[in-house]
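Engineer: Residue numbering for the sequence shown is 23 to 262, as defined by this note's numbering.
C-beta atoms are modelled at their ideal positions from N, C-alpha and C, and glycine is treated no differently.
Handing you a structure now.
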Amino acid sequence: MAVVPYKDKQEGKKEQVAEMFNNISKKYDFLNHFLSLGIDITWRKKAVKMLAADKPKLILDIATGTGDFAIEALALNPDKIIGVDISEGMLAEGRKKLKKRKLDDRIELQTGDSERLLFEDNKFDAVIVSFGVRNFENLEKGLRDMYRVLKPGGKTVIVEFSKPKKFPMKQGYNFYFKYILPQIGKIVSKDNAAYTYLPESVQAFPDGEDFLAVLKKVGFKNTQCKPLTFGISSIYIGQK
Ligand SMILES: C[S@@+](CC[C@H](N)C(=O)[O-])C[C@H]1O[C@@H](n2cnc3c(N)ncnc32)[C@H](O)[C@@H]1O
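Below, the structure written as structure tokens:
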């Protein structure tokens, strides 16, 4: 059974995830940086550096949300970045941010589903995703379509929460993630489910070698996993 935000609703995971991110879109950036003490920003920066040697010119940022990973990827000096997301609310916040920072000529945000990308095969030099793959309704389908639109030799760089394995980080993190974060998230976002869904979805999601196995299954080679901050998050890399 897929982990969904609103357990009493009938809609599938994709519709529920889009609804949840629409609900929290206005508070998303604030809560992200507040709840992670700003560490999420350093994780995205580190992930982007994994592509520095490749100098990708055309980058696709899947599940771009409010565009933070796409904005970090500008450090690679690409010609263009396209960000896609299923949540109109998140995209609207992202577009406001890009306009304010005068970045809207370099990053284009489009409505788009990772499982049905409207791009031709072999188009992008790099495909990136931060904190998105855990929310896919069908992980394999999403990763397969990312592989399809990537140029041969191109890389995907994925950042996602993982589960710390060692004492005392494992226990401290579990307590914070299960008891503190949902309370703060609920008060600030006014969505009762979003920040309960977060730890639940992380718990159910494959991490480390298990995630690499899925990347390999859909065709990626030279796969690597780089744990970040005691394994709270990990960077995954794969090549077409
Ligand atoms: C936690 S946010 C991450 C946003 C951004 N990448 C970041 O690092 O802040 C997850 C995003 O994934 C999007 N998402 C979930 N499933 C998706 C799918 N199938 N296709 C495209 N976007 C999806 C959600 O709408 C949401 O905006």
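Have a look at Leu140, Arg156 and Ala92 and flag the residue whose alpha-carbon is nearest the alpha-carbon of isoleucine 150.
Structural biologist: Ala92
Engineer: Report yes if the C-beta of threonine 86 is less than 8 Å from at least one heavy atom of ligand 1; otherwise report no.
Structural biologist: yes
Engineer: Between leucine 234 and the rest of its own chain, which residues show a CB-CB distance below 6 Å, the 5 nearest in sequence each way excluded?
Structural biologist: Result list for leucine 234: Thr245 and Cys247, in chain order.
Engineer: On a Cα-Cα basis, can you pick out the residue from Phe242, Asp135 and Val181 that is closest to lysine 36?
Structural biologist: Asp135
Engineer: CB leucine 139 to CB valine 106, shorter than 9 Å?
Structural biologist: yes
Engineer: Using C-beta distances below 6 Å, list every residue in its chain close to proline 249, excluding the 5 sequence neighbours before and after it, in chain order.
Structural biologist: Ser256
Engineer: Taking only three categories from DSSP, how would you classify glutamine 225?
Structural biologist: helix
Engineer: What's the gap between the Cα of leucine 237 and the Cα of valine 155?
Structural biologist: 11 Å
Engineer: Assuming glycine 89 contacts serine 47 (C-beta within less than 8 Å), just tell me the rounded distance between them.
Structural biologist: Actually they do not touch by this definition, with Cβ atoms about 12 Å apart.
Engineer: Around the Cβ of lysine 86, are there at least 16 other Cβ atoms within 10 angstroms (buried) or fewer (exposed)?
Structural biologist: In the sequence as displayed, the identity of residue 86 is threonine instead of lysine. By the neighbour-count rule (16 or more Cβ atoms within 10 Å), threonine 86 is buried.
Engineer: Relative to the alpha-carbon of aspartate 30, which residue among Thr251, Ala215 and Leu220 has its alpha-carbon at the smallest distance?
Structural biologist: Ala215
Engineer: Looking only at C-alpha atoms, which of Lys79, Asp167 and Glu94 sits nearest to arginine 66?
Structural biologist: Glu94
Engineer: Within 8 Å: the Cβ of aspartate 83 and any heavy atom of ligand 1?
Structural biologist: yes
Engineer: Report yes if the C-beta of arginine 66 is less than 8 Å from at least one heavy atom of ligand 1; otherwise report no.
Structural biologist: yes
Engineer: Can you tell me the Cα-Cα spacing of phenylalanine 158 and glutamine 225, whole angstroms?
Structural biologist: 15 Å
Engineer: Determine contact between the segment 124 to 133 and the segment 95 to 102, defined as no fewer than three beta-carbon pairs at a distance below 8 Å.
Structural biologist: yes
Engineer: Cβ of phenylalanine 91 within 8 Å of any heavy atom in ligand 1?
Structural biologist: yes
Engineer: What does the Cβ neighbour count give for glutamate 115, buried or exposed, with the cut at 16 atoms within 10 Å?
Structural biologist: buried
Engineer: On the three-state DSSP scale, how would you describe phenylalanine 141?
Structural biologist: Of the three classes helix, strand and coil, the one that applies to phenylalanine 141 here is coil, per DSSP.
Engineer: Which class does aspartate 83 belong to by DSSP, given the choice of helix, strand or coil?
Structural biologist: strand
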